[in-house]
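Each residue of the sequence shown is one higher than the one before, starting from 1 at the first, in full-length UniProt numbering.
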Amino acid sequence: MPIGRIRQRVIKGKKIPHNEKVLSLFEPHTEWISKGKAGVPQELGLRVCILEDQYGLILHHQVMEKETDDKVAVAMVDAAQSKFPNLKGCSFDKGFYNPGNKKALKDNLTLLVLPKKGKRNKAEFEEETAEEFRRSKRKHSAVESAINGLENHGLDRCPDHGIHGFKRYVSLSVLARNLQIIGHHIQQKKLKRIQRKSG
């Protein structure tokens, strides 16, 4: 397969469509990720999407193979609600927005924070400047903390091979992160108890 692409590119001088390019011989599932951020504008790997609750526990995660954020939003919420039926609100960043997602998610959630990309009309502007929307959007930065926590504790580089190994490693990283958060909550409760007794 790579030999055919080399022949096509070098000898015949044809362009290879981006989705057909092999970015890694050893990990063929590897994708080119354009982050759009200063410093590291592109990365090689796979996107991982997480859904976190108000206590910092990761309720659901998904390895996105040839998918973008706007393609997984509804499926993520549906999967999380099947495990946690009390899930009534969810906050997303602009990357998850498309009109279909907004309509489908509004039917399933009582509180939806899904900012629109680009120019907003008057109704959208009023919705996005409402106090509850803004308050929930400010809490959204905690998800970035969970992502950094996963990366800092080993998920920035996967030592396992193949797509199944990658998915297993991501699942174990999410489990480890949840155990760490639970341990932190238990530790904080014990510290408060000790402070009350000594104070």
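Positions of the beta carbon are idealized from the N, C-alpha and C atoms, including for glycine.
When DSSP states are grouped into helix, strand and coil, GLY118 belongs to the coil group. Around the CB of LYS167, 16 or more other CB atoms lie within 10 Å, so the residue is classed as buried. Put simply, of HIS161, PRO159, PRO17, VAL77 the residue whose alpha carbon is nearest the alpha carbon of LEU111 is VAL77.
In this structure, PHE96 lies near ALA73, with their beta-carbon atoms less than 8 Å apart. Looking at the DSSP output, GLU43 bridges to ILE33.
Only residues of its own chain outside the window of five on either side were considered, and among them ARG9 have a CB closer than 8 Å to the CB of LYS15, listed in chain order. If you ignore the 5 residues before and after ASP70, its C-beta comes within less than 8 Å of the C-beta of GLY95, PHE96, TYR97, ASN98, ASN101, all in its own chain and listed in chain order. Between ILE50 and HIS61, the alpha-carbon positions lie close to 4 Å from each other.
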